[in-house]
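The structure appears right after this line, and notes come after that.
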Amino acid sequence: MIYHALGIPVYFFAMTTIHESSHALGGKIAGLEITSFKPYPHFENFGGSRYFVFGSVNYANATNGWQHVALYAAPLAADMTLFAGSDLLLSHIDADSKVAPFIFVAGLVSTTVDWLVNINGVSEANDTNHLVQVTGVPKWVFMLGGDALGVLAVWRIVHHGHRIFYTSNPP
Numbered sequence: 026m027i028y029h030a031l032g033i034p035v036y037f038f039a040m041t042t043i044h045e046s047s048h049a050l051g052g053k054i055a056g057l058e059i060t061s062f063k064p065y066p067h068f069e070n071f072g073g074s075r076y077f078v079f080g081s082v083n084y085a086n087a088t089n090g091w092q093h094v095a096l097y098a099a100p101l102a103a104d105m106t107l108f109a110g111s112d113l114l115l116s117h118i119d120a121d122s123k124v125a126p127f128i129f130v131a132g133l134v135s136t137t138v139d140w141l142v143n144i145n146g147v148s149e150a151n152d153t154n155h156l157v158q159v160t161g162v163p164k165w166v167f168m169l170g171g172d173a174l175g176v177l178a179v180w181r182i183v184h185h186g187h188r189i190f191y192t193s194n195p196p
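The letter at position 142 of the sequence shown is residue 167 when you use my numbering, and the numbering goes up by one with no holes.
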């Protein structure tokens with residue numbers, strides 16, 4: 026268990042890279058030109074202000090709202106996909122497996138943290154705030170739906186965590 030605590034920086038940078046890569050992929054699928062890809066913490070200018078961000082993707086030639094939605098919603102889709110795949114995998118592998126704790130932390134915990142930070146973030150540079158601006162949907166709608174899914178995710182984390190760390194015999 027201690028190696029997962031020591032590995033938090035690795036999980037953080039891996040999740041940040043996945044998050045920013047999903048932005049880039051969503052943008053490319055929507056036909057955007059990706060002008061910069063920075064999957065690491067830095068300061069970024071946005072709306073005339075300077076913000077600390079954990080990563081960023083910049084783009085050019087956006088011509089419609091669909092392109093922005095694809096760009097900003099891509100990390101949410103990536104989080105859901107990684108979480109669902111990890112949940113399914115953990116439901117079908119032995120709790121004593123050496124890979125179960127890694128799948129648990131990387132696939133369930135880190136994606137849930139990314140999801141909840143993304144849904145509830147207050148920074149103007151936050152993805153959900155961008156989606157609010159592009160779609161016109163009130164932020165509370167995103168937060169209500171997103172936090173409901175977050176509660177479901179926490180339930181699955183508790184379920185698998187109990188099975189892996191308390192009822193199995195890890196080495």
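Glycine included, every Cβ here is placed at the ideal spot set by N, Cα and C.
Remember, it's a predicted structure, so these values are computed and weren't measured experimentally.
query, result
"C-alpha gap between L107 and R181, whole angstroms", "13 Å"
"K123, DSSP secondary structure in three states", "coil"
"S81, enclosing alpha helix (DSSP H) - first and last residue", "First-last for S81: 81 to 85, but that is the beta strand (DSSP E), not the alpha helix (DSSP H)."
"Coil, strand or helix - S148 by DSSP", "coil"
"Under 8 Å between C-beta atoms of G186 and F129", "yes"
"Beta-carbon spacing of G72, E149 below 8 Å", "yes"
"Collapsed DSSP secondary structure at V162 in the structure displayed", "coil"
"Supposed contact pair G52 and L96 - C-beta distance, whole angstroms, cut 8 Å", "5 Å"
"Outcome for E58 when other beta-carbon atoms lying within 10 angstroms are tallied against a minimum of 16", "exposed"
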